[in-house]
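K.L.:
Please find one structure pasted underneath; my questions will follow.
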Amino acid sequence: MQNISRADIEDFLFAEADLLDEWRLPEWLELFTEDAIYYVPSTDVAPDSSPDKTLFYVADDRFRLSERVKRLMKRTAHAEFPHSRTRHLVSNVRIRNRSEAELEVGSSFITYRTKDGITDTYFGSNRYRIVVENGRLRIKEKRCLLDSDGLRTQGRVSIIL
Amino acid sequence: MNAFERMNTALMVDEAKQIFKVSRQAFVDPDILAAERSRIFDKCWLYLGHSSEVPKPGDFVTRQVGGRNILFARDAKGALRAMLNTCPHRGAQVCREKHGNAKSFQCFYHGWVFGLDGALRSQPGEASYAPDFKERSTSNLQQVARFEGYRDFNFVCFDKNAESLDNYLGAVKEYLDVIADQAEAGMTIVGGTQEYSMRANWKLLTENSIDGYHALTTHATYFDYLKATNGGLAPVPLEGAARDLGNGHAVLEYKAPWGRPVAQWIPMWGEDGKKEIDRLYQDLVKRHGEERAKRIALFNRNLFVFPNLVVNDIMAVTVRTYYPVAPDFMNISAWALAPKEETDWARKYRLYNFLEFLGPGGFATPDDVEALEQCQRGFRNSAEAQWNDISKGMGKPVPAYDDELQMRAFWSNWNRHVFQTSI
Ligand code: FES
Ligand SMILES: [Fe+2]
């Protein structure tokens, strides 16, 4: 992992954001390893809490994440039908730690979601663990730490942050 | 005269013809919200918190209940306290943290210090006050007018003349017993609060929380998900009954195919899980006998306590309460409740069950949010399209879990309060 630069990581995260905003979720899912996890903890617990012990908003293993993607592509996922429009802004990207096997990456995000004339804003930081598989960057863990007071006033995280 | 003052009921009821309609005015009219505040939230028992949230002396949480800011604390002697979080001096909110442990509470504005029981301990410049100032009860943090609990569920009431909590809960108590009895060492709130909101009238969530009718359409993708899991479903059909518990309270009690950490096994949990679930079930039989064990373990309960507490004992146990901010906006708080003695295995599956279905990031609740917000949008046409229909199951001697008896129980009591009449 020694030769990967912040620019490489930024390109990767910006491409991830585009896939989400274009609702190309099956392709987005391919960015994750087979043992990947995607977490959105509740906002009154420590950032490194475990979903085995405390209540989260989202705690997906790869199976549940793939089911989340399948669900969001259906007309019967009522919260996202018709699909909302979103814009994921990613900044403050930093490689926080580098080992032989993986990178720990931090970033900040602001995501806007518009549906039915109402725009909600989600903001916070992302913590990624990123590995290389077959010469490509892959996400092993994505943990979204919301800075808001719970989900008031957004009411839901029906999109992927 | 406004529209509300001209109304003397929001219901259109004819038992013989099986008609039960609710005026959509009840979801949009600010005067109705004002009446709800003074006639429901100022008069009824409201859920404050669970004893397990403040286990040790000095533990506290701050919370909004019925529009008030409440400080819920355990004092030095171990007694629970519910105090108005407002300085008796000149009004500042005294405790500004959401939860924690304290030796005392200090108002930062002029520095008054209160004990865990709310008594004024000291204030800067004491010599400038009357000699008996500290002995006056008006110098202390004010206790909420009424504060009582049942099986660790603690409630407040702002009407000092209200009936006892025991009377108020009535038939609800038996269901709280069934839920609490799944634990031997008592139930506990698991860390992590789901706090969210909806752009919808608060009563839509009352209806939705006890609505067995919407599951298959609104939550189609959740059932798709369970089918996709390897062994996520038990061969148990959805069936059961709805009961009116009086005082506006209601319950659905039914069987369902999902796994219950106490105690309905699903193949996904494997052989180890089966051992664990069998052990939990045998413990229940030992403590409560076969019949009650079966009821605790294999039946689900969506319990509604008027006006705004939901305790759903389903694939996990959730405690949920919600308040109107405006006719078309509410804030919601939800917690997970679990047996204290539960193993790590059961706790993990409980929490996974919870967030797969429940909560604003789950596979179900976002669609409830969408449904309720769409209802609120629909009510923009309420000048012309005036009525909601909740007559399903009116002709049956025992309405089913997916009928609307429980909503009629809620609305009848709501109407009695708001219009101070009986229907
Ligand atoms: S307002 Fe609290 S000390 Fe003055
Ligand atoms: Fe629902």
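These protein sequence lines are chains C and F, in that order. In this text, residue positions in the first sequence follow the working numbering: the first is 656, and each later residue adds one. In this text, residue positions in the second sequence follow the working numbering: the first is 693, and each later residue adds one. All C-beta atoms, glycine included, are put in the ideal place defined by N, C-alpha and C.
Does the Cβ-Cβ distance between Lys713 of chain F and Asp1081 of chain F come in under 9 angstroms?
P.N.:
For the purposes of this step, residue 713 of chain F is taken as the residue at position 21 of the second sequence. For the purposes of this step, residue 1081 of chain F is taken as the residue at position 389 of the second sequence. Contact flag set, yes.
K.L.:
Which of helix, strand or coil does DSSP assign to Trp957 of chain F?
P.N.:
The count along the second sequence starts at 1 and reaches residue 957 of chain F at position 265. Coil at Trp957 of chain F, not helix or strand.
K.L.:
Ligand 2 and Asp1059 of chain F: does the residue's C-beta get closer than 8 angstroms to at least one heavy atom of that ligand?
P.N.:
One-based indexing of the second sequence puts residue 1059 of chain F at position 367. Result yes, Cβ under 8 angstroms from ligand 2.
K.L.:
Listed from N- to C-terminal order along the chain, which residues in the segment 725-745 of chain C have their beta-carbon within a distance smaller than 7 angstroms of any beta-carbon of chain F?
P.N.:
So the close ones are Arg726, Lys729, Thr731, Ala732, His733 and Ala734.
K.L.:
Taking 8 angstroms as the cut-off, is the beta-carbon of Asp916 of chain F closer than that to any non-hydrogen atom of ligand 2?
P.N.:
Counting from 1 along the second sequence, the entry for residue 916 of chain F is found at position 224. No.
K.L.:
Is the number of C-beta pairs between the segment 845-856 of chain F and the segment 1057-1072 of chain F that are closer than 8 angstroms three or more?
P.N.:
Judged by Cβ distances under 8 angstroms, the segment 845-856 of chain F makes no contact with the segment 1057-1072 of chain F, as fewer than three pairs qualify.
K.L.:
If you follow the alpha helix (DSSP H) that Pro715 of chain C is in, where does it begin and where does it stop?
P.N.:
Taking the first sequence and counting its residues from 1, one reaches residue 715 of chain C at position 60. Reading off the sequence shown, one finds Asp at residue 715 of chain C, where the question assumed Pro. That residue, Asp715 of chain C, is in no alpha helix (DSSP H); its beta strand (DSSP E) goes Phe711 to Asp716.
K.L.:
What residues in the segment 1042-1062 of chain F have a beta carbon less than 9 angstroms from any beta carbon of chain C?
P.N.:
Cβ contacts with chain C come from Leu1043, Tyr1044, Phe1046, Leu1047, Glu1048, Gly1051, Pro1052, Gly1053, Gly1054, Phe1055, Thr1057, Pro1058, Asp1059, Asp1060, Val1061 and Glu1062.
K.L.:
For Asp802 of chain C, I'd like the list of residues in its chain whose CB is within less than 6 angstroms of its CB, leaving aside the five on either flank, ordered along the chain.
P.N.:
To locate residue 802 of chain C, count along the first sequence from 1; it is residue 147. Hits under 6 angstroms: Phe778 and Gly779.
K.L.:
What does the Cβ neighbour count give for Ser762 of chain C, buried or exposed, with the cut at 16 atoms within 10 Å?
P.N.:
What you label residue 762 of chain C is simply residue 107 of the first sequence in a count that begins at 1. Classification for Ser762 of chain C: buried.
K.L.:
Could you check whether the Cβ of Ala1170 of chain F sits closer than 8 angstroms to any heavy atom belonging to ligand 2?
P.N.:
The structure shown does not extend to residue 1170 of chain F, since chain F is modelled only from 693 through 1115, so no value can be given for it.
K.L.:
Looking at Thr910 of chain F and ligand 2, is the gap between the Cβ and the nearest heavy atom below 8 angstroms?
P.N.:
In the second sequence, counting from the first residue as 1, residue 910 of chain F sits at position 218. Because some heavy atom of ligand 2 lies under 8 angstroms away, the Cβ of Thr910 of chain F counts as near it: yes.
K.L.:
Could you tell me the alpha carbon to alpha carbon distance between Arg740 of chain C and Leu710 of chain C, rounded to whole angstroms?
P.N.:
Taking the first sequence and counting its residues from 1, one reaches residue 740 of chain C at position 85. Taking the first sequence and counting its residues from 1, one reaches residue 710 of chain C at position 55. Going by the C-alpha atoms only, they are around 28 angstroms apart.
K.L.:
When you compare the CB of Phe718 of chain C with every CB in chain F, is at least one pair closer than 9 angstroms?
P.N.:
Start at 1 with the first residue of the first sequence, and residue 718 of chain C comes out as number 63. It does: the Cβ of Phe718 of chain C has a partner Cβ on chain F nearer than 9 angstroms.
K.L.:
For Ser1025 of chain F, does the count of other Cβ atoms within 10 angstroms reach 16, so buried, or fall short, so exposed?
P.N.:
The residue you call residue 1025 of chain F lines up with position 333 of the second sequence. Buried: at least 16 other Cβ atoms inside 10 Å.
K.L.:
Tell me whether the segment 828-848 of chain F and the segment 805-819 of chain F touch, counting them as touching only if at least three CB pairs, one residue from each stretch, are closer than 8 angstroms.
P.N.:
The segment 828-848 of chain F vs the segment 805-819 of chain F: in contact.
K.L.:
What do you reckon, is the C-beta of Arg788 of chain F under 8 angstroms from a heavy atom of ligand 1?
P.N.:
Within the second sequence, the letter at position 96 stands for residue 788 of chain F. Not so, every heavy atom of ligand 1 lies at least 8 angstroms from the Cβ.
K.L.:
Can you tell me the Cα-Cα spacing of Gly924 of chain F and Trp961 of chain F, whole angstroms?
P.N.:
The sequence position of residue 924 of chain F within the second sequence is 232, counting from 1. The sequence position of residue 961 of chain F within the second sequence is 269, counting from 1. Whole-angstrom Cα-Cα distance: 8 angstroms.
K.L.:
Is Gln815 of chain F close to ligand 1? I mean its beta-carbon at under 8 angstroms from any heavy atom of the ligand.
P.N.:
The residue you call residue 815 of chain F lines up with position 123 of the second sequence. Yes, Cβ of Gln815 of chain F sits closer than 8 angstroms to a heavy atom of ligand 1.
K.L.:
Report buried or exposed for Val1090 of chain F, applying the criterion of at least 16 other Cβ atoms within 10 angstroms of its Cβ.
P.N.:
Taking the first residue of the second sequence as 1, we reach residue 1090 of chain F at position 398. Result: exposed.
K.L.:
Compute the Euclidean distance between the alpha carbons of Cys736 of chain F and Pro999 of chain F, then round it to the nearest angstrom.
P.N.:
As a first step, residue 736 of chain F must be located in the second sequence, where it is residue number 44. As a first step, residue 999 of chain F must be located in the second sequence, where it is residue number 307. Taking the straight line joining both Cα atoms gives about 7 angstroms.
K.L.:
I want to check one thing, is the minimum distance from the CB of Ala811 of chain F to the heavy atoms of ligand 1 below 8 angstroms?
P.N.:
The residue you call residue 811 of chain F lines up with position 119 of the second sequence. Answer for Ala811 of chain F: no, Cβ out of range of ligand 1.
K.L.:
Taking the straight line between their C-alpha atoms, what separation do you get for Thr1010 of chain F and His742 of chain F?
P.N.:
For the purposes of this step, residue 1010 of chain F is identified with residue 318 of the second sequence, where counting begins at 1. For the purposes of this step, residue 742 of chain F is identified with residue 50 of the second sequence, where counting begins at 1. Near 12 angstroms, if we compare the C-alpha coordinates of His742 of chain F and Thr1010 of chain F.
K.L.:
Find the residues of chain F that neighbour Arg798 of chain C, judging by a C-beta separation of less than 7 angstroms, and give them in chain order.
P.N.:
The sequence position of residue 798 of chain C within the first sequence is 143, counting from 1. Within chain F, no residue comes near Arg798 of chain C; the closest Cβ sits about 13 angstroms away, beyond 7 angstroms.
K.L.:
Ligand 1: which residues have Cβ under 5 angstroms from any of its heavy atoms, chain order?
P.N.:
Here the residues come out as F:Cys779, F:His781, F:Arg782, F:Ala784, F:Cys799, F:Tyr801, F:His802 and F:Trp804.
K.L.:
Taking only beta-carbon positions, decide if Arg782 of chain C is within less than 9 angstroms of chain F.
P.N.:
In the first sequence, the residue the question calls residue 782 of chain C occupies position 127. No, its Cβ sits nowhere closer than 9 angstroms to a Cβ of chain F.
K.L.:
Give a yes or no on whether the C-beta atoms belonging to Ala933 of chain F and Glu945 of chain F are separated by under 9 angstroms.
P.N.:
The residue you call residue 933 of chain F lines up with position 241 of the second sequence. The residue you call residue 945 of chain F lines up with position 253 of the second sequence. Yes, the Cβ-Cβ distance between Ala933 of chain F and Glu945 of chain F is below 9 angstroms.
K.L.:
Taking all protein chains shown into account, do 16 or more other C-beta atoms lie within 10 angstroms of the C-beta of Ala1038 of chain F, making it buried, or fewer, making it exposed?
P.N.:
Against the second sequence, residue 1038 of chain F aligns to sequence position 346. Flag for Ala1038 of chain F reads buried.
K.L.:
First and last residue of the alpha helix (DSSP H) that includes Tyr860 of chain F?
P.N.:
Within the second sequence, the letter at position 168 stands for residue 860 of chain F. Leu857 to Leu861 is the span of the alpha helix (DSSP H), which, as asked, contains Tyr860 of chain F.
K.L.:
Measuring straight from C-alpha to C-alpha, what distance separates Gly1051 of chain F and Tyr801 of chain F?
P.N.:
Locating residue 1051 of chain F in the second sequence gives position 359, where the first residue counts as 1. Locating residue 801 of chain F in the second sequence gives position 109, where the first residue counts as 1. When rounded, the distance between both Cα atoms is 38 angstroms.
K.L.:
Just to make sure I have the definition right: I need the residues of chain C whose C-beta is within less than 9 angstroms of the C-beta of Ser674 of chain F. Which are they?
P.N.:
Not covered by the structure: residue 674 of chain F. The range shown for chain F is 693 to 1115.
K.L.:
Please list the segments of the beta strand (DSSP E) lying wholly inside the segment 1055-1102 of chain F, counting only runs of 3 or more residues, in order along the chain.
P.N.:
Correct list: 1079-1081.
K.L.:
If you drop the 5 nearest sequence neighbours on each side, which residues of the same chain put their C-beta closer than 8 angstroms to that of Tyr739 of chain F?
P.N.:
Counting from one through the second sequence, the residue named residue 739 of chain F turns up at place 47. Closer than 8 angstroms at Cβ, skipping near neighbours: Val757, Phe845, Asn846, Phe847, Val997, Asn1000, Leu1001, Val1011 and Thr1013.
K.L.:
When the Cα atoms are used, what is the spatial distance from Arg784 of chain C to Tyr693 of chain C?
P.N.:
Working through the first sequence from its first residue, we reach residue 784 of chain C at position 129. Working through the first sequence from its first residue, we reach residue 693 of chain C at position 38. Approximately 11 angstroms, taken between the alpha carbons.
K.L.:
Could you spell out where the alpha helix (DSSP H) holding Glu963 of chain F opens and where it closes?
P.N.:
Position 271 of the second sequence, counted from the first residue, corresponds to residue 963 of chain F. Element bounds for Glu963 of chain F: Gly962 to Leu990.
K.L.:
DSSP state of Leu806 of chain C, grouped into three classes?
P.N.:
Here the question's residue 806 of chain C lines up with position 151 in the first sequence. Looking at Leu806 of chain C - three-state DSSP - the assignment turns out to be strand.
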